[in-house]
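Residue 11 is where the sequence shown starts when you use the numbering used here, and the numbers rise one by one after that.
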Amino acid sequence: MLRFPDDTRVRVNGLNEILADLYSKGRQANQETAEEILDRLEKNDNYIPPSARREYKSVLLKEYRDYVAGRKNKAP
11 MLRFPDDTRV RVNGLNEILA DLYSKGRQAN QETAEEILDR LEKNDNYIPP
61 SARREYKSVL LKEYRDYVAG RKNKAP
């Protein structure tokens with residue numbers, strides 16, 4: 011579930027799997043990775059309005075940063 015700054019929440023299919031795959035490949039949390047997440051979500055039949063792509067990328071980048079931080083905290 012993505013949470014936007016205005017507290018809107020959107021369910022997306024396959025986000026956790028995408029984040030895990032990118033993390034396993036050592037991808038950095040940057041704009042390029044956010045664009046790839048967005049592209050993969052669209053390929054997983056998630057509709058992302060063209061007018062909201064920039065906002066989605068911002069939220070997805072934060073999600074990926076949080077995911078990476080959570081993985082680092084679980085490392086032995």
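A virtual CB, placed ideally from N, CA and C, is assigned to each residue, including glycine. Every value quoted in this text rests on a predicted model; they were computed, and no experiment measured them.
The alpha helix (DSSP H) with residue i in it runs from where to where?
i, result
"Ala-62", "Segment: none, Ala-62 is in no alpha helix (DSSP H) and carries neither H nor E."
"Asp-49", "41-53"
"Asn-26", "25-34"
Could you tell me which residues DSSP pairs with residue i in its beta bridges?
i, result
"Leu-5", "Since the first residue of the chain shown is 11 and the last is 86, residue 5 is not available in this structure."
What residue from the options has the CA that sits closest to residue i's CA?
i, options, result
"Gly-80", "Arg-19, Gly-24 and Tyr-33", "Tyr-33"
"Pro-15", "Ile-28, Tyr-77, Lys-82 and Glu-73", "Glu-73"
"Asn-56", "Asp-17, Gly-24, Arg-75 and Thr-43", "Gly-24"
Ordered along the chain, which non-local residues of its own chain (more than five positions away) have a Cβ less than 8 Å from that of residue i?
i, result
"Leu-48", "Ile-58, Arg-63, Tyr-66, Lys-67 and Leu-70"
Work out the CA separation of residue j and residue i for me, nearest whole Å.
i, j, result
"Ser-61", "Lys-82", "34 Å"
Within a Cβ cutoff of 6 Å, which residues of the same chain sit near residue i, ignoring the five residues on either side of it in sequence?
i, result
"Ala-30", "none"
Considering only residues of the same chain and omitting the five flanking positions on each side of residue i, which have a CB-CB separation below 7 Å?
i, result
"Glu-45", "Lys-67"
"Arg-75", "Ala-39"
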